[in-house]
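What follows is one structure encoded as structure tokens, with my remarks underneath.
Numbering (this note's numbering), first residue to last: 3 to 273.
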């Protein structure tokens, strides 16, 4: 069991967005070793079919299993919405997603029960956030909005560009007119636009970043199974992508609290 404690946690996403979840895991569980995979060849996931998302998730989990991971975090809202249930049934180690933790935080924060969700087309279409929120708070009103351009804006480094403010307004102006007092950033890329979105809505809307909640869920699962790495030593991190490794390394270095030395590119279709 002691050896299993030191096994890494696998984290995966369609691209760089999941680094916001990896960053919280590094902060909240500093002893954990992390293996991160970004599916940069097939980003974005939000416009893909459910069957493809399940196929991609299975391939990535098979790859992460070659690294002897003790648990897997699907740091992607689209894959959490469309594939989590399927792969949990097929996998003998804990697999957690980002939707349940984010929904729980929103229900905790809302005062009037009116919750907004910004996400990819697939996440919004699945209504997974609505289902989870309604389970936790049957009287809640959930307003979802697909914001497909947010992911490429983040991936291409336009998060701080004025064009992003215009896109935020185009997508979220109608939601701004509603009574929402809480909004979930329902895609792991979106926290990289968080300050812009907070400024757009002003103080009347609480913005929920599911990344922190997901890290706390992971901690609870590892503790429950006796797998939490309580080493005094800071964890080791390794990064893998399916394309554009140099670009990913540069981006990761700007998001994470330390310099990412290198990222390895693999052919995910082999798994």
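Virtual Cβ for every residue (Gly too), placed ideally from N, Cα, C. Remember, it's a predicted structure, so these values are computed and weren't measured experimentally.
Hey, residue i and residue j are a contact pair by Cβ (cut 8 Å); roughly how many whole angstroms apart?
i	j	result
residue 153	residue 46	4 Å
residue 257	residue 25	6 Å
residue 97	residue 89	6 Å
residue 30	residue 221	6 Å
residue 254	residue 13	Not really, about 12 Å apart at Cβ, beyond 8 Å.
residue 148	residue 126	4 Å
residue 66	residue 39	6 Å
residue 44	residue 244	7 Å
residue 102	residue 237	Not confirmed; about 24 Å, so no contact.
Have a look at residue i and residue j and give me their C-alpha separation to the nearest angstrom.
i	j	result
residue 68	residue 273	10 Å
residue 150	residue 49	8 Å
residue 113	residue 6	42 Å
residue 260	residue 240	13 Å
residue 87	residue 81	10 Å
residue 156	residue 142	30 Å
residue 180	residue 187	17 Å
residue 134	residue 144	11 Å
residue 94	residue 11	14 Å
residue 91	residue 224	18 Å
residue 176	residue 130	21 Å
residue 115	residue 136	10 Å
For residue i, tell me which candidate among the options has the shortest Cα-Cα distance.
i	options	result
residue 184	209, 12, 252, 59	209
residue 37	167, 178, 43, 77	77
residue 270	164, 177, 242	242
residue 203	174, 188, 219	174
residue 182	138, 205, 166	205
residue 83	265, 165, 55, 158	55
Given 8 Å, three or more beta-carbon pairs between the segment 186-206 and the segment 118-129: As far as the Cβ criterion goes, the segment 186-206 touches the segment 118-129, which means the pair count is three or higher.
Any beta strand (DSSP E) of 3 or more consecutive residues that is wholly inside the segment 10-55: Here the runs fully enclosed are 11-15, 36-40.
Contact the segment 223-235 vs the segment 102-110: 3+ CB pairs below 8 Å: By the C-beta criterion, the segment 223-235 is judged not to be in contact with the segment 102-110, since fewer than 3 inter-stretch pairs fall below 8 Å.
Entirely enclosed beta strand (DSSP E) segments - the segment 41-124, minimum 3 residues: Listed in chain order, they are 73-76, 116-121.
contact_flag[the segment 13-30, the segment 199-218] where n(CB pairs < 8 Å) is 3 or more: Yes, since at least three Cβ pairs between the segment 13-30 and the segment 199-218 fall closer than 8 Å, the two stretches touch.
Cβ contact check for the segment 244-253 and the segment 70-87: 3 or more pairs under 8 Å: No: the two stretches stay apart, fewer than three of their Cβ pairs being nearer than 8 Å.
Sequence ranges, beta strand (DSSP E) only - wholly within the segment 131-205, length at least 3: As far as the segment 131-205 is concerned, its whole beta strand (DSSP E) runs of at least 3 residues are 143-148, 184-188.
Length at least 3, wholly inside the segment 220-265: the beta strand (DSSP E) runs in chain order: With a minimum length of 3 residues, the unbroken runs of beta strand (DSSP E) contained wholly in the segment 220-265 fall at 239-243.
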